[in-house]
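> Below you'll find the structure I mean.
There are 2 protein chains.
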Amino acid sequence: MENELISTAQLEELIDAKKVKDIRQIFESVPTIDIAEACDDIEDVKKLVFIFKCVKSEYTAELFTELNPDVKEELIRILSDDQLADILEQQFTDDLVDDIEDMPANLVTRILRNVPKERRSTINRLLNYKENTAGSIMTTELLSLLDTLTADEAISKIRKIGKEKETIYTLFIIDNKRNLVGTLDLDDLIFAKGDEKLADLMNRDFVTVNVNTDQEEVANMVKRYDLNAIAVVNNENRLVGLCTIDDIVDVIEEEATEDVAALAHVTPLEDSYLDTPAWRMAMKCVPWIVVLLILGTFTTMVLDKLQGQQVFLMMPILIAFVPTLMDTGGNAGGQTIALMIRGLATKEFTPKDFFRVILKEALSALMVSSVILVFSFIWFTIEQYTGIVQNVGINGSIDGVAPTIWNGKCWDPEIAGEFAKSVIKVSATVSITLFAASFIAKIVAVLLPLGVAALKKDPAIVAQPLLTTIVDVLALISYLGIATLAFQVL
Amino acid sequence: MENELISTAQLEELIDAKKVKDIRQIFESVPTIDIAEACDDIEDVKKLVFIFKCVKSEYTAELFTELNPDVKEELIRILSDDQLADILEQQFTDDLVDDIEDMPANLVTRILRNVPKERRSTINRLLNYKENTAGSIMTTELLSLLDTLTADEAISKIRKIGKEKETIYTLFIIDNKRNLVGTLDLDDLIFAKGDEKLADLMNRDFVTVNVNTDQEEVANMVKRYDLNAIAVVNNENRLVGLCTIDDIVDVIEEEATEDVAALAHVTPLEDSYLDTPAWRMAMKCVPWIVVLLILGTFTTMVLDKLQGQQVFLMMPILIAFVPTLMDTGGNAGGQTIALMIRGLATKEFTPKDFFRVILKEALSALMVSSVILVFSFIWFTIEQYTGIVQNVGINGSIDGVAPTIWNGKCWDPEIAGEFAKSVIKVSATVSITLFAASFIAKIVAVLLPLGVAALKKDPAIVAQPLLTTIVDVLALISYLGIATLAFQVL
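Chains B and R supply the protein sequences, listed in that same order. Following the working numbering, the numbering of the first sequence begins with 26 at its first residue and continues without gaps. Following the working numbering, the numbering of the second sequence begins with 26 at its first residue and continues without gaps.
What follows is the structure, encoded as structure tokens:
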């Protein structure tokens, strides 16, 4: 009843004591995925063979599917041909293909040797579809019914052949030329009168995807049309497979994790987190860090030139605001690019909505930047009056004499006035630059992913690394211009 | 049939010409969501009333569900009580509750007035569940069957009452005390012999969630156990509702978008992107930017102190590397925190796996930082020899005479030697600091979200903003220490 889990130790004990009955009982009362996780941690995989001997193959086939890839490979090595064939027979072809894709060649051979010839050719065909397409995630075990059948005939056919199919909740209706003409939800069939023809019951407003459609697009279709399963057709528009909602759930999560990873400059992990060794994790991080380090050279270059400029030598306090400038620009751009990348990924808009999106973002950027302008002006002024950062005037002209709130210096009106002027100039310079930097950052963050998406590249991967560098460099150059203006003209 | 879409203009034309038959035909051949999107863009909502008059209410109810919230509200205002009651009767209670939650009070009253009393109390109960819990996303229209029924009896009962239920693909089996004792997939019922008892057919290893369980946890359960629907029980363990996989798909996507948003420092949008006005988008961005700006004060403070230090005055080139330092630290930490936040969200690990995760990340951090150390040392040396950044020696001692690859200066062995020494010192200082900064960043990025998650707060929201500031400050302080050491001791 309640989620009563099974521990690895308990399971091992039962196996060691050869308690066949108890082991069978566990499969009745504990969800298979929980048993599989207990199995994964058993050190000696040979012990698992006992389970495969004493439990019914309909249970062990499911167990096998849920096991960790390493344990699975080890098992394929040590199971007998008969045991293996039994398990493979009960597996859905799409699960099997997923397994095979990551296995060493000798194990793949062993698997293919133990499945019937016809299935072997299906597996080989599925293996040939490009990764992340509908073809690569679809299953071929679907139920198609002739549109001339009655509801009762259909139900008895389902009872006869439905058990080996991936799903019977969505039925695919074909005409006598084997063209897909409709889909039928099982519940509509159940509620139908026995003598109604499928042709009258089926939905004619169904949607399909091509085998080469990207899995993200497939997920968006299933979600949009609220489907349990979607038909996959080949280039000749023949029904070749279906994708079910549980595969789609995995796709949605995978794509989301990919978006998060790309935004954080890391290649997504292929295995689960805990199964990924540290060195492989490092490998996912290093290339990005190095690329960003190289891109960062531009920023170093600009800053190196910048700090030699007259205005920054005169007012070293301006250099102290460089991190704030870069962080705020980066944050402002990062917000927008995240919205853009998720929006494009979940098809909230497409590059076709270009002008609407630009206009909306430009307006929003203007508002955000204006708030930043006002707030940062006030905040930077406070920072200087409290002495958090020290404004010592041009070339240190008021160093040590300027009145801040805490230093108890006499508020000589002339010095106080000069200090106030200096503070306002610095605050204005930095906050105006922040305004420009965040506005530019947000606009670049819209144009970059939209442009990349229009070129049919992945915006998450291509657009994101460029953003920081472009924004940093533009922000620093604006800073020089605005500072020069402020301290020479004003 | 291929996805033949309907445009707003086409639809409006049919309504204006009062082509009842054609409009009905559209509902047969075009998916409702596509019709709904065409309806959303019709300027005069009154025109839509014609559709609700002439099309069967089973279609219009679905259409109503899919409409944009604004259009929906407008319709509720102008439809007659009878029309409204018709539509509401066909709506699932969970959809209705979702709508009501965002509506002005007078429309809520209008809706509640047009549903039967019993349903009104269900709606009120559902409205009281806390947001983002199982209770708030569940539906109460579930099919429960007594365990003493036979398969045939069950099927005929389903045929009679199943049509009003949210799903019949997962059936909930209760005993005569109304306790939930099992679940049964519809396909198992279809494949069963007619006289088999449900008690013998049902799965006893089912899982349930409490009404107060967080929706993210519900999604993880449904995914983990590969379910079509999961039972929701109250604190007395009575069955009160169910969550179906299509609600779960929305939850998964919502949570993923929330993670992306949090990593990018923006509050997630509530409506779809294109429906969110620019000012509201700005409101989602501003608070975070301001908080980060305030947090950035620490960095400004530290850098302000730093640049007055002897070593940085002597070697201004070191200041040019500050952005690289901060960016690389931020990137290294960002990678790790993203993996942590996604891992925690998708339950790949929990705070209980603390030590395993720390160890793995520490190892990975060591490897990544070592690569950064070696690579950046080489890269910074190249930068200086090519003159991308100018190493002018201590206090400009070799300014203008130092030999770089492009400047054609004579390679006087003494000056070349001094230049080489200066270059190596700078490269070593910066790359050792980078090593420290990225290692520290990655460790902080593990400890922070794990700590926050252990305190049951959302790591995406709490941990992320703190990371940048902590890492920036630590990196700058390390920089001062290492630079002082390098240029005074070496």
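Even for Gly, the Cβ is constructed at its ideal location relative to N, Cα and C.
Does the beta carbon of R/Met227 sit closer than 7 Å to a beta carbon anywhere in chain B?
False, the Cβ-Cβ gap to chain B never drops below 7 Å.
> So for B/Leu252, helix, strand or coil by DSSP?
coil
> Would you list, in sequence order, the uninterrupted alpha helix (DSSP H) runs of no fewer than 4 residues that lie entirely inside the stretch 122 to 164 of chain R?
130 to 138, 142 to 153, 159 to 162
> Check this for me: beta carbons of R/Glu221 and R/Ala176, under 7 Å apart or not?
yes
> Taking all protein chains shown into account, decide if R/Leu299 is buried (16 or more other Cβ within 10 angstroms of its Cβ) or exposed.
exposed
> Assuming B/Ser169 is part of the beta strand (DSSP E), what are its boundary residues?
169 to 171
> Is the shortest distance between the beta-carbon of B/Cys310 and the beta-carbons of chain R less than 7 Å?
yes
> Take R/Thr406 as the anchor and find which of R/Val396, R/Thr371, R/Ser456, R/Leu369 has the nearest alpha-carbon.
R/Ser456
> Hey, is R/Pro56's beta-carbon within less than 7 Å of any beta-carbon in chain B?
yes
> Under 8 Å Cβ to Cβ from B/Pro129, same chain only, skipping five residues before and after it: list those, please.
Glu98
> Count the other CB atoms within 10 Å of the CB of B/Pro3; is the residue buried (16 or more) or exposed (fewer)?
Outside the displayed range of chain B (26 to 515) lies residue 3 of chain B, so it cannot be described from this structure.
> Residues of chain R with CB under 7 Å from B/Arg367, in chain order?
Thr282, Val285
> Spell out whether any CB of chain R is found under 7 Å from the CB atom of B/Gly425.
It does not; no Cβ of chain R falls within 7 Å.
> Applying the 10 Å Cβ sphere with the 16-neighbour rule, what's the burial state of R/Thr324?
buried
> Start and end of the alpha helix (DSSP H) containing B/Ile457?
438 to 479
> Drop a sphere of 10 angstroms on the beta-carbon of B/Lys43, count the other beta-carbons inside from all chains shown, and report buried for 16 or more, exposed for fewer.
By the 10 Å Cβ count, B/Lys43 comes out exposed.
> For chain R, check one thing: does any of its Cβ atoms lie closer than 7 Å to the Cβ of B/Phe374?
yes
> Give every residue of the same chain whose Cβ lies closer than 7 Å to the Cβ of B/Ile193, excluding the five residues on either side of it in the sequence, and list them in chain order.
Hits under 7 Å: Leu168, Ile183, Gly187, Leu211.
> Quick check: R/Val414 and R/Ile342, are their CB atoms within less than 7 Å of each other?
yes
> So which residues of chain B does R/Phe216 contact, with C-beta pairs closer than 8 Å?
Arg184, Gly187, Lys188
> On the CB-based measure, 16 or more other CB atoms within 10 Å of its CB, does B/Trp313 come out buried or exposed?
buried
> What runs of the alpha helix (DSSP H), each 4 residues or longer, lie entirely inside the stretch 375 to 441 of chain R?
379 to 410
> Listing by chain order, which chain R residues have their CB less than 7 Å from the CB of B/Val291?
Correct list: Gln360, Ala363, Leu364.
> How many angstroms separate the CA atom of R/Phe460 from the CA atom of R/Ser395?
6 Å
> Exposed or buried, which one is R/Leu515 when buried takes at least 16 other CB atoms within 10 Å?
Because R/Leu515 carries a pLDDT of 44, less than 50, the predicted location of this residue cannot be relied on, and no value is offered for it.
> Is B/Met26 helix, strand or coil when you go by DSSP?
Confidence in B/Met26 is poor, its pLDDT being 35 and thus under 50, which makes the residue's placement too unreliable to answer from.
> Taking Cβ-Cβ distances below 8 Å as the criterion, which residues of the stretch 328 to 345 of chain R are in contact with chain B?
Leu328, Asp329, Gln332, Gly333, Pro341, Ile342, Ile344, Ala345
> Counting only Cβ pairs nearer than 7 Å, list the residues of chain R close to B/Ile413.
Thr322, Met326
> How should B/Asn245 be labelled, buried or exposed, when 16 other C-beta atoms within 10 angstroms of its C-beta is the threshold for buried?
buried
> Reducing DSSP to helix, strand and coil, say where R/Thr493 ends up.
helix
> Does the distance from the CB of R/Asp272 to the CB of R/Ile162 come in under 7 Å?
yes
> Starting from the Cα of B/Met339, find the closest Cα among B/Leu36, B/Leu505, B/Val315 and give me that residue.
Looking from the CA of B/Met339, the closest CA among B/Leu36, B/Leu505, B/Val315 belongs to B/Leu505.
> If we call anything under 7 Å between Cβ atoms a contact, is B/Lys467 one with B/Ala390?
Yes, they are a contact pair.
> Taking 6 Å as the limit between beta carbons, can you name the residues of its chain near R/Ile465, skipping five residues before and five after?
Leu499
> Compare the Cα-Cα distances from B/Lys185 to each of R/Leu171, R/Ala217, R/Ile180 and report the closest residue.
R/Ala217
> Hey, R/Leu18 and R/Ala478: beta-carbon distance below 7 Å or not?
Any question about residue 18 of chain R goes unanswered here, given that chain R covers just 26 to 515.
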